[in-house]
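Notes follow once the structure below has been shown.
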Amino acid sequence: MSVSPSPPVPQVRPKHNRMFDVPEHRLMLVEGSPFHLLVAFAGISKMFRSIAQDIVYRRFHRALAHFLPEISIPIFLKFLDITKSGISSDVPLSILMPDVFRTTSPRHLVIQAPCDKGWEWLLVLFRMGYTDSQVVNDADFIRLQVGKVACTWRVTRPELDDQIFIIEGAQQNILVSLTASHFTSEMNVITSTAIYSLYPALTEARIGLPTFSRIKTTDTEAYSKLQLTLLDNLADFGRPCGASCMGIWRYTRDLAFVGRFHWQLGFDDDNMEDDDYQWRLHRECVNLKCRNAFKVVRGL
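Residue numbering for the sequence shown follows this note's numbering, starting at 3 and increasing by one per position.
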C-alpha cells in the first residue's frame, strides 16, 4: 500500500519578521531614530537602506512644507538638482535631530547656491508665491566671506514670518560657501542626492563652535531652543578633538572626515568631492587632550 506524502508544514515566521512585510511598520520602528542610528540601520541590507532613504525624504519634505506650497515641493527639489544647490542650517538639522523638531519648526530655509545661480533661485521663489527680497550685508562676516560668498538675499512674503535666505557662493562648489557659516552647527547641507555634515561628531554631540567670531547672547538663546550648546572652543571637550579640531586645516577633496549619506537615487551626482578647498575654524586648538593643542598645524 502506498502512503501519500504528508502535506508540507507551513513555515510561520516570528512576528518581528512578519512585521517587516508591512512598509508602515518598518517606518514606525525607525521614524524617530537619531540620524547615526538611521545610517547604521541603512547598512543592514538594501531593503533597510531603502527604508532609511524614505525616512530622510519624509523629514526633508516636512521641513520644506513650512516654507513652500505642497504643489511646489517637487519643482523645488528638481531645481535643487539642476542648479547643484543645497539647503543648510535648520532644515538639515531637522533631519539629523528629529526629536528636537517634533515640538518646533525650522526657523528659516537657507539655500546654498553655486556662483551665478542666485538670481535663478530668486525667480523660482517669486513664482512660488514669495514677493519681496533684499540683499543682506553681514558686516561682521565680510572678512570671513571674502572668496566664499558672492551675495546673500533674504526672501519673504507677507503672510509668513519664516524667511528664506539665498547664499550665492563665490565658487561652484557650495561646500566653500558653507564654511562661511557662523557656526559648525550650520555646516550641514542636504542636496538632491545626499546629506553632508562637515562636523558630524560635533553635530551628534549637539555642540556648535564659532568660525573666527564671538558668540552673542542672542545666538546662545536661539540655539538653546534647538538643544544645541554653543562653545567658544573645545577646552573642556574631555577627549581629543580628532577631525573636530579648531586649529587643523580641513580639505574638501574626497570629503575626508565629512559625514555623508546618499538619500536619493535618480538625480545626477552633486560632485561635491571634485574640488580641493581647505578651511579651518581658528588659528589654534586649546584642548589640552588634543595632540594639536597650542600649535599651528597643517593637517590631521
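Positions of the beta carbon are idealized from the N, C-alpha and C atoms, including for glycine. Quick caveat, the model's predicted, so the values are computed rather than measured.
Asked	Found
Where residue 232 falls: helix, strand or coil (DSSP)	strand
Under 8 Å between C-beta atoms of residue 291 and residue 241	yes
Rounded straight-line distance, which links the Cα of residue 75 to that of residue 66	7 Å
Sequence-distant residues of the same chain with beta carbon closer than 7 Å to residue 229, five excluded per side	102, 208
CA-to-CA distance, residue 55 to residue 24, given in whole angstroms	Residue placement at residue 24 is poorly supported in this model, since its pLDDT is 44, which falls under 50; the coordinates are not used for a value here.
Residue 170 vs residue 117 beta-carbon contact at 8 Å	yes
Endpoints, alpha helix (DSSP H) assigned at residue 122	120 to 129
Among 257, 223, 275, 198, the one whose alpha carbon lies nearest that of residue 93	198
Assigned secondary structure, residue 253 (DSSP; H/G/I helix, E/B strand, else coil)	strand
Cβ distance (whole Å) where residue 135 is taken to contact residue 155 below 8 Å	5 Å
Proximity winner among 71, 97, 174, 98, relative to residue 128 (alpha-carbon distances)	71
For residue 88, the three-state DSSP class (helix, strand or coil)	strand
Residue burial classification, residue 34 (beta-carbon count within 10 angstroms, cutoff 16)	exposed
Neighbour flag for residue 131 against chain B, beta carbons, 8 Å	The question asks about chain B, but that chain is absent: this structure has only one protein chain.
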